[in-house]
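>
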Amino acid sequence: MKQIIKLSERFGARIHIRAQVASFAKTLEPDNSYLLDFSGIETVSRSVADEFYS
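Counting from 56, one number per residue, gives the positions in the sequence shown under this note's numbering.
(1) So ASP92 is in the alpha helix (DSSP H); what residue range does that whole segment cover?
(2) Ignore the nearest five residues each way along the sequence and tell me which others in ALA77's own chain have a CB closer than 7 angstroms to its CB.
(3) If I follow the unbroken beta strand (DSSP E) through ILE59, where does it start and stop?
(4) Excluding the five sequence neighbours on either side, which residues of its own chain have a C-beta within less than 8 angstroms of the C-beta of GLN58, listed in chain order?
(5) Measure the CB-CB distance between PHE117 and ARG65 and report whether it falls below 8 angstroms.
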């Protein structure tokens, strides 16, 4: 079962700091499945988008 994570509740409407995403990623269990909900997110920096992609 996928766990849904609403990113706007965790980061607010703008995500600009790559280190925040890297720190967040460390909290995820590799054996679980996640659905990242980007609703409510207005902007994402290029570095953050790259971090999510990685």
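Backbone N, C-alpha and C define an ideal beta-carbon position, used for all residues, glycine too.
According to the data block:
(1) Boundaries for ASP92: no alpha helix (DSSP H) harbours it, while the beta strand (DSSP E) harbouring it runs 88–92, taken from the DSSP string.
(2) Correct list, in chain order: GLU106.
(3) It spans 57–61 - the beta strand (DSSP E) in which ILE59 sits, taken as one unbroken run.
(4) The residues are ASN87, SER88, TYR89, LEU90.
(5) Since the first residue shown for the chain is 56 and the last is 109, residue 117 is missing from the structure and cannot be characterised.
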